[in-house]
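Colleague: Here the protein sequences come in this chain order: A and B. Mind the numbering: the first sequence is residues 23 to 516 in this note's numbering, read in order. Mind the numbering: the second sequence is residues 4 to 516 in this note's numbering, read in order. Questions regarding the structure given below will be posed in turn.
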Amino acid sequence: MVSPEISLALLLLIPLAASGLTGLCGQRPNLREAITFIASFALLAIVIHLIGFVAAGQRPELYLGSFAGDFEFKLILEPLGAVFAAIASSLWILNSLFTMGYMRGNNEKNQTRFFLFVAIAIAAVMGIAASGNLITLFIFYEVLTLSTLPLVAHKGDAKARKGGTIYGLILMGTSLAFLLPAVIGTHVIAGTTDFQVGGVFPSGTSLLTTSILLFLFAFGIGKAALMPVHPWLPNAMVAPTPVSALLHAVAVVKAGVFTMIKVVTLIFGPSLAAATPMSTVLSWVAAISIVVASLIALRQDNLKARLAYSTVSQLAYVTLGAMLAAPAAIIGGALQIVMHAWGKITLFMCAGAIYTVTHRTNISQLDGLGRSMPWVFGAFLIGALSIIGAPPLGGSWPKYFLMVGALDSGKAILIAALIVSSILNVIYLIPVAARGFLKPPADPDIDAKITAQKGAYKWVIIPPVLTAFGAFILFFFSGPIIDFLMPILPDGAF
Amino acid sequence: MDILSLLPPWLLTHGVALLVVLPLLAGAAMAVIPRERIAWTITFMVMLICMLCALTLALQVIDQGRLSYKMGGWEPPYGIEYVVDALSAPVLLLISAMAVICLFYASPSVKAEVEPKKRAAFYGAFLICAAGLLGMVVTGDAFNVFVFLEVSSISTYVLVAMGHSRDRRALRAAYDYLILGSIGATFFVIGIGFLYMETGTLNMADMSNILDGLDGGSRVAQVGFAFIVIGLGLKLAMFPLHMWLPGAYAHAPSFVTIFLASTATKAALYLLLRFAFTIFDLSFDYVVTILSQFVLVLAVVGMVFASIQAIFQTDVRRVLAFSSIAQVGYILLGLSFLTLSGLTASYVHLINHAFIKGGLFLAVGAMWYRFGITRVADFRGLSKTMPWTMSAFTISGLSLIGVPLTAGFVSKLQLATAAWERGYGWAVGVILFSSILALVYIGRILRVAYFETPPQINGVEVLKNEAPLIMLIPMWILAILSIVIGINAGWVVDAAGRAAELLIPTQMIGRGL
C-alpha cells in the first residue's frame with residue numbers, strides 16, 4: 023500500500039496536478055471534466071486511506087522545508103484534519119458534478135479557469151487540513167484566499183469586482199493584521215507552533231497574554247466570519263453558485279472554523295482556553311453573531327443572500343463551541359463542521375439548480391415551483407431541517423452537544439441563543455420550501471414549460487438530492503465520528 | 004569542497020582582485036569599441052567571469068572562513084587589503100548574478116531606450132558602475148570604500164542621464180542624484196577623515212582593533228560615525244534622505260533601474276552593516292544609541308510614509324521606487340534591533356528584496372518595451388495582452404506584499420519574529436500595517452491589469468503582444484526564485500545567519516540591549 027508520507031504528498035499533488043492538466047485541456051471540455059472527476063475520486067480514496075492510518079492511532083507526517091531553524095513547513099494529519107479533508111474531498115466530487123451541470127447550463131465563460139482555480143483551492147484546503155503547525159496552516163490559509171479570489175470575481179462585471187475586492191481586503195487584511203501576529207506571538211511565547219494535544223503554552227503563561235492571543239486568533243481567522251468581520255461572505259455571493267456551494271458553504275468557511283477549533287484545542291488546550299477570560303467574551307460575541315445573522319437572514323429576499331447570512335450564523339455555532347472550550351462543546355463544534363457542510367451545500371445547490379432551470383434568484387419568485395421541481399424542493403426541505411437541527415437529520419447532533427457543552431462550562435444562558443436561532447432558522451428556511459409546495463404558481467404556463475424542459479438540467483438536480491440524502495445518513499454515523507475525534511481532547515473522553 | 008578543486012588555481016588566488024579589476028579595465032576599453040554588439044558580448048563575458056569568481060569566493064568562505072588578499076603584495080595595514088567573508092560574499096554574488104541576469108534583458112531593452120551612438124559607452128558606464136559596487140563590498144580599506152563609492156555613483160549619474168532619449172526628465176533626475184549623491188559622499192569621506200584622525204589607519208580591521216583599544220574613542224570618532232551613517236544613509240535612501248531615488252528609478256533606462264534597484268542600495272546597506280557592527284561595534288554606547296534610536300525611528304517612519312506615498316503615485320515605476328524606500332526601512336528596522344535574529348532578518352530581506360524588486364522592474368520594463376506604458380491607468384487588461392509578463396509581475400508583487408509561499412513572506416516572518424523577541428510588539432504592528440499598505444499599492448495595479456479590459460485604439464481592442472523570450476527568462480528566473488525561497492528558505496536564512504554571527508560576536512549578544 024501507499025505509505026503515509028506519500029499519501030500526504032498526494033493530498034496536495036492530486037488537486038495540483040488536476041489543476042495543471044485542466045489548464046492544458048482547456049479546449050476539450052469533456053476531457054477537462056473527466057480529469058476533475060478522476061482527481062476528485064483519487065483524492066477521496068487517498069483521504070480514506072489516510073483515515074485508516076489516523077484511526078489506527080498513527081499521525082502521518084511529511085516535512086516539506088523550513089524558513090529558518092525553527093519555522094518548519096510540515097504536514098501532520100490528526101483526526102480533526104482528517105475529518106475536514108474527508109468532507110472537502112467527498113463534497114468536491116458531488117460539487118464537480120453540479121459545477122458541470124451549472125456551468126454548461128448557464129453557458130458561463132472561462133470555464134477552464136474556473137475548474138483550474140477550484141482545484142488549487144482544494145489543494146489549499148487539503149494543506150490546511152493536514153498542516154502540522156500554525157505557520158504551515160497560515161500559508162495554506164492565504165493560498166486559499168488567493169486561489170478563490172478569481173472565482174469570486176469570475177463574472178468580471180462591476181459587482182463581481184466589488185465583491186472580489188471586499189473579499190480580498192477583509193480576508194487578507196484580517197489574516198495579516200491579526201492572525202500573523204498571533205502566530206508569531208505563539209511562536210515566541212511557546213517556542214513552537216506545532217499542534218499538540220492539550221496545547222503548547224507553558225504553564226504560567228499570563229492570562230492577559232493568552233487573552234490577547236485568543237482575541238487576535240478569533241478575529242484574524244476571518245474565514246470563520248465571526249461578526250464583525252463577516253461582510254466578505256455575503257459579498258462573495260456574486261460568485262457562480264458552485265463556488266458559493268463548495269467554497270462559501272464548505273471549504274473556505276469550514277477552513278476558518280476548523281482553524282478556530284484547532285487553535286483552541288491543540289494550541290491553547292481546552293483547559294487553558296476555558297481559563298482565559300477572553301473566551302467568555304468571545305463566546306458572547308459568537309452567540310450574538312448567531313442571533314443577529316439569523317435576524318439579517320430573515321430580511322433577505324435573495325435566496326443566496328439569505329443562505330449566506332444563515333452560514334454566518336451557523337459558523338458562529340462552531341466558534342461558540344470552540345470558545346466554550348468544554349469537551350462536549352468542542353466535539354459539538356467539530357460535528358457542526360461536518361453536518362452543516364452537508365446541509366448547507368444542499369441548500370446552495372438547490373438555489374443553483376433553481377437559478378439554472380428558471381433563472382429566478384428571489385424567494386418571492388418561488389411560489390408553486392415545488393410542483394414543477396419536486397426533487398429540488400424536497401432536497402431543500404431536508405437540508406433546511408438539518409440546518410434547523412431536527413432529528414433524524416445530521417444537524418441535530420451538534421446542537422445537542424453544544425447545549426451540553428454550554429451547561430458544562432457554566433454558561434447555560436447561551437443555550438437561549440441556540441434555541442432562538444433554531445426558531446429563526448425555521449422562520450427563514452421553511453417558508454422557502456413551503457412557498458414552493460403550497461402556494462399556487464404565479465404563472466402556471468411558464469411553470470409547465472419548466473417542467474417540460476428540466477430533463478436537460480439533470481446534472482444540477484441530482485447532486486443536491488445526493489447531498490440531502492447524505493445529511494440524513496450522517497445522523498446515524500455521529501457515533502463513529504465522535505469516537506474518531508476523541509483523541510484531540512487531552513483526556514480522550516468527555 | 005569538491006567544486007573548488009576543479010577550478011584553476013589562479014582563479015582561487017586572484018579571484019578577489021579580478022572581481023574589481025576586470026570590469027574596471029573592460030569598462031575603460033569600451034571607450035574605443037564602436038560596435039554595440041561587441042560591447043554587449045564583452046560586458047556579458049566579464050560579468051559572467053565576475054559571477055564565477057563571486058561563486059568560488061562564496062564557496063571558499065563557507066569552506067575556510069575569512070579570505071584576505073593583499074593588493075600588490077603590500078602587507079596590511081600599510082597596503083590595501085581585500086577581504087571576503089560571510090558578510091560580503093553573498094552580496095558580491097548577488098551583485099554579479101543580478102548583473103548577468105539583467106544583461107540578458109539588456110540587449111533588446113537598451114536598443115529600445117538608448118541612442119545608437121551611446122550604446123557602447125552605456126555598457127562601459129555599466130561595467131564601471133558594477134566594478135564600483137563590487138569594489139565597495141570587497142575592499143577592506145576604508146578610504147578605498149570611498150573611492151569605489153564615487154566610482155559607482157558617478158557612473159550611475161551617467162547611466163541615469165542616458166534615459167533622456169526616452170524621457171527628458173532623466174536629465175533632471177540625474178542632476179538631482181548628482182547633487183545629493185555628492186553631498187552624501189562628502190559626508191562619508193569626512194567621516195572617514197575623522198576616523199583616520201582618531202586611529203591613524205585606514206585598514207578596516209586595524210581601525211576596529213585600535214577603536215576597541217580606545218574603548219570607542221573620543222568625540223572625534225563619535226562625530227565620524229554620525230557622518231558615516233548620514234553619508235551612507237543618503238546612498239541607501241534612508242528616509243528622509245531618499246529624495247533622489249524616485250526620480251532616478253522612474254526616469255533611468257529600464258535596465259539601469261533594474262540593476263540599481265536590486266544592487267546599489269544593497270551595497271550601501273552592506274557598508275552600513277560593515278561600519279556599524281565591525282569597525283565600530285556594539286560595545287560603544289554611541290553606536291547603540293544611534294542605531295537603536297535614531298535609525299529605528301527613521302526606519303519606522305520610512306516604512307509607513309514611503310508606503311503611503313507609493314499608494315498615491317500614478318506612475319508604476321514611482322510606485323515601486325517609493326516601495327523600495329519602504330523596504331529599506333524594513334532592512335534598517337531589523338538592523339536597529341541589534342539582535343542576532345534582527346540582523347538575520349535584515350540580511351534575508353536584503354537578498355530577497357533584490358530578487359523581488361528586480362523581478363518587478365524587469366516586468367515593468369518589458370511593458371514599456373512593448374506598449375510604451377508606465378502609468379497605472381495604462382495597465383488596463385495587461386493580463387490579456389501580456390499574460391506571461393503580468394504573471395511574473397504578479398508573483399513578484401505578491402512576494403513584495405509578503406504573501407505566504409513567496410520570499411517576501413519569509414523576510415517579514417523573520418523580521419516580525421525578531422521584533423517580538425526584542426520586545427517590540429508595536430513593531431510587529433508597523434510591519435504588518437506596512438504590508439497592508441503594500442497590498443493596497445500592488446493590489447491597485449493588479450486590479451487594473453486583471454479586472455479591466457484592454458484599451459481600444461481606433462475602436463479595435465489591443466491584441467496580445469507578449470514580451471520577447473529573452474526578456475521573459477530573467478523575470479521568470481527571479482519570480483521562480485522568489486517562490487523557491489518561499490517554500491524552502493533554509494539556504495538564504497543560513498547564509499544570513501552566518502553573516503549576522505559575524506556582526507554580533509557571541510560575547511556581544513545582549514550587550515546592545
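The beta carbon of each residue, even a glycine, is placed where N, CA and C say it ideally should be. Since the structure is predicted, the reported quantities are computational estimates derived from the model, not experimental observations.
CA-CA distance, S301(A) and L248(A)?
Modeller: Taking the straight line from one Cα to the other gives about 14 Å.
Colleague: Against A419(B), what residues of chain A qualify as contacts under a CB-to-CB distance less than 8 Å, listed in chain order?
Modeller: Under the 8 Å cutoff, chain A gives L202, P203 and I206.
Colleague: Does chain B have any CB closer than 8 Å to the CB of V210(A)?
Modeller: Yes, V210(A) counts as interfacial toward chain B.
Colleague: Helix, strand or coil: how does DSSP classify I98(A) here?
Modeller: I98(A): strand per DSSP, three-state reduction.
Colleague: Taking contact to mean at least 3 C-beta pairs separated by less than 8 Å, is the segment 370 to 390 of chain B in contact with the segment 341 to 355 of chain B?
Modeller: No, the segment 370 to 390 of chain B is not in contact with the segment 341 to 355 of chain B.
Colleague: So, at 6 Å on beta carbons, what are the nonlocal neighbours of I371(A) in its own chain, with the 5 sequence-adjacent residues on each side left out?
Modeller: Correcting the residue identity first, residue 371(A) is Met in this sequence and not Ile. Hits under 6 Å: F120, A267, P485 and P486.
Colleague: With a cut-off of 8 Å, do at least 3 Cβ pairs link the segment 392 to 411 of chain A to the segment 8 to 18 of chain B?
Modeller: No: the two stretches stay apart, fewer than three of their Cβ pairs being nearer than 8 Å.
Colleague: Starting from W423(B), find everything on chain A with Cβ-Cβ shorter than 7 Å and list it in chain order.
Modeller: Residues of chain A passing the Cβ test: I206, G207 and V210.
Colleague: Pull up the distance between the alpha-carbon of P37(B) and that of Y126(B), whole angstroms please.
Modeller: Spanning the two alpha carbons is a distance of roughly 11 Å.
Colleague: Using only the alpha-carbon positions, how far apart do A123(B) and R320(B) sit?
Modeller: If I take the Cα positions, the gap works out to 26 Å.
Colleague: Which class does G515(B) belong to by DSSP, given the choice of helix, strand or coil?
Modeller: Any answer about G515(B) is weak, because its pLDDT of 45 lies below 50 and its placement is not dependable; what the coordinates show is given next. Of the three classes helix, strand and coil, the one that applies to G515(B) here is coil, per DSSP.
Colleague: What separation, rounded to the nearest whole angstrom, lies between the Cα atoms of I218(B) and F287(B)?
Modeller: Here the sequence assigns Asp to residue 218(B), which means Ile is not the residue at that position. Rounded to whole angstroms, D218(B) to F287(B) spans 7 Å at the Cα level.
Colleague: Do the CB positions of T347(B) and A499(B) come within less than 8 Å of each other?
Modeller: Their beta carbons are under 8 Å apart, which means T347(B) touches A499(B) by this criterion.
Colleague: Quick one: Cα of G515(B) to Cα of A503(B), how far?
Modeller: Confidence at G515(B) is low in this model, with a pLDDT of 45, below 50, so its placement is unreliable and the value that follows should be read with caution. Rounded to the nearest angstrom, the two C-alpha atoms are 14 Å apart.
Colleague: Measuring only the C-alpha atoms, how far is M4(B) from A40(A)?
Modeller: Below a pLDDT of 50, predicted positions are generally treated as unreliable, and M4(B), at 47, falls in that range; the measurement from the model is reported next regardless. So the alpha carbons of these two residues sit roughly 42 Å apart.
Colleague: Please list the segments of the alpha helix (DSSP H) lying wholly inside the segment 130 to 166 of chain B, counting only runs of 4 or more residues, in order along the chain.
Modeller: Taking only runs of at least 4 residues, the alpha helix (DSSP H) segments lying wholly in the segment 130 to 166 of chain B are 145 to 164.
Colleague: Within 10 angstroms of its Cβ, does N155(A) collect 16 or more other Cβ (buried), or is it exposed?
Modeller: Label assigned to N155(A): buried.
Colleague: Between L33(A) and I109(A), what straight-line distance do the alpha-carbon atoms span, to the nearest angstrom?
Modeller: Their Cα atoms are separated by approximately 14 Å.
Colleague: Touch check for the segment 399 to 415 of chain B and the segment 304 to 315 of chain B: three-plus C-beta pairs under 8 Å?
Modeller: They do not touch, by the three-pair rule.
Colleague: For A109(B) and E39(B), I'd like the C-alpha separation in whole angstroms.
Modeller: Going by the C-alpha atoms only, they are around 11 Å apart.
Colleague: How long is the line joining the alpha carbons of P224(A) and W419(A), rounded to whole angstroms?
Modeller: One C-alpha to the other measures close to 34 Å.
Colleague: Leaving out five residues before and five after A102(B) in sequence, what residues of the same chain have Cβ atoms less than 6 Å from its Cβ?
Modeller: Same-chain partners within the cutoff: M50 and A133.
Colleague: Can you list, in chain order, the residues of its chain whose CB lies under 8 Å from that of G184(B), leaving out five sequence neighbours each side?
Modeller: S156, T159, Y160, L237, K238 and W247, listed in sequence order.
Colleague: Which runs of the beta strand (DSSP E), 3 residues or longer, sit entirely within the segment 384 to 429 of chain B?
Modeller: The qualifying runs do not exist here; there are none.
Colleague: Cα separation between L35(A) and K96(A)?
Modeller: Distance between the alpha carbons of L35(A) and K96(A) is about 15 Å.
Colleague: Short check: CB of L519(B) to CB of M508(A), under 8 Å?
Modeller: Lying outside 4 to 516, the shown extent of chain B, residue 519(B) is not represented and no answer is given.
Colleague: Leaving aside the five residues before and after S332(A) along the sequence, list all residues of the same chain whose C-beta is less than 6 Å from its C-beta, in chain order.
Modeller: Excluding sequence neighbours, S332(A) sits near A319.
Colleague: In the structure shown, what three-state DSSP assignment does L488(A) receive?
Modeller: L488(A) falls in the helix class under three-state DSSP.
Colleague: How about G515(B): is its C-beta nearer than 8 Å to some C-beta of chain A?
Modeller: Low per-residue confidence applies at G515(B): pLDDT is 45, beneath 50, and the placement is therefore not dependable, though the value from the model is reported in the following sentence. For G515(B), the answer is no, since every Cβ of chain A falls outside 8 Å of its Cβ.
Colleague: Closer than 8 Å, CB to CB, is S552(B) near chain A or not?
Modeller: Since the first residue shown for chain B is 4 and the last is 516, residue 552(B) is missing from the structure and cannot be characterised.
Colleague: Could you have a look at Y85(B) and say whether DSSP puts it in helix, strand or coil?
Modeller: Residue state, collapsed to three classes: strand.
Colleague: If you draw a straight line from the alpha carbon of L484(B) to that of M207(B), how long is it in whole angstroms?
Modeller: L484(B) and M207(B): Cα-Cα distance of roughly 34 Å.
Colleague: Kindly indicate which three-state DSSP category I460(B) falls into: helix, strand or coil?
Modeller: Residue state, collapsed to three classes: strand.
Colleague: Could you give the residue range of the beta strand (DSSP E) that holds Y72(B)?
Modeller: Counting along the chain, the beta strand (DSSP E) containing Y72(B) begins and ends at L70 to K73.
Colleague: Looking at chain B, which residues of the segment 92 to 111 of chain A have a Cβ within less than 9 Å of any of its Cβ atoms?
Modeller: If the cut-off is 9 Å between Cβ atoms, the segment 92 to 111 of chain A has D92, F93 and F95 near chain B.
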